[in-house]
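J.: Pasting a structure here, questions to come.
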Amino acid sequence: MAANLEEEQSLRECEAYVQRHNIQQILKDAIVSLCVSRPENPIAFLRDYFHKLDRMFIDLFISNVSGEKAI
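Just so we're aligned, residue 9 is where the sequence shown starts under my numbering, counting upward by one.
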């Protein structure tokens with residue numbers, strides 16, 4: 009019984025995490041891009057895709073921080 013409650017709590021926390029970070033949409037976009045491109049090496053494609061996505065988030069963060077300092 010306690011293990012079942014822990015499992016349910018863990019699942020709720022996981023679902024909240026996925027929702028909070030928009031993981032489903034991020035993965036959907038990656039898969040759509042993969043299917044459109046159909047690369048020979050899908051793993052390398054996904055690695056590059058997520059690297060570019062990470063770079064975009066870093067650049068966005070830096071531009072937001074810089075913009076806040078200008079105010």
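Quick reminder that beta carbons are idealized off the backbone N, C-alpha and C, glycines included.
Going straight from the alpha carbon of M64 to that of Y57, what length do you get?
T.: C-alpha separation (whole angstroms): 11 Å.
J.: Is the CB-CB distance between L61 and P50 below 8 Å?
T.: Contact flag unset, no.
J.: State the start and end residues of the unbroken alpha helix (DSSP H) segment that holds R20.
T.: That run of the alpha helix (DSSP H) goes A10 to R28.
J.: Here's a check: name, in chain order, each residue in its chain whose Cβ is nearer than 8 Å to the Cβ of H29, leaving out the five neighbours to either side.
T.: Answer for H29: no residue qualifies.
J.: Given this structure, state the Cα-to-Cα distance separating I8 from N12, to the nearest angstrom.
T.: Examination of residue 8 is not possible in this model, given that the chain is present from 9 through 79 alone.
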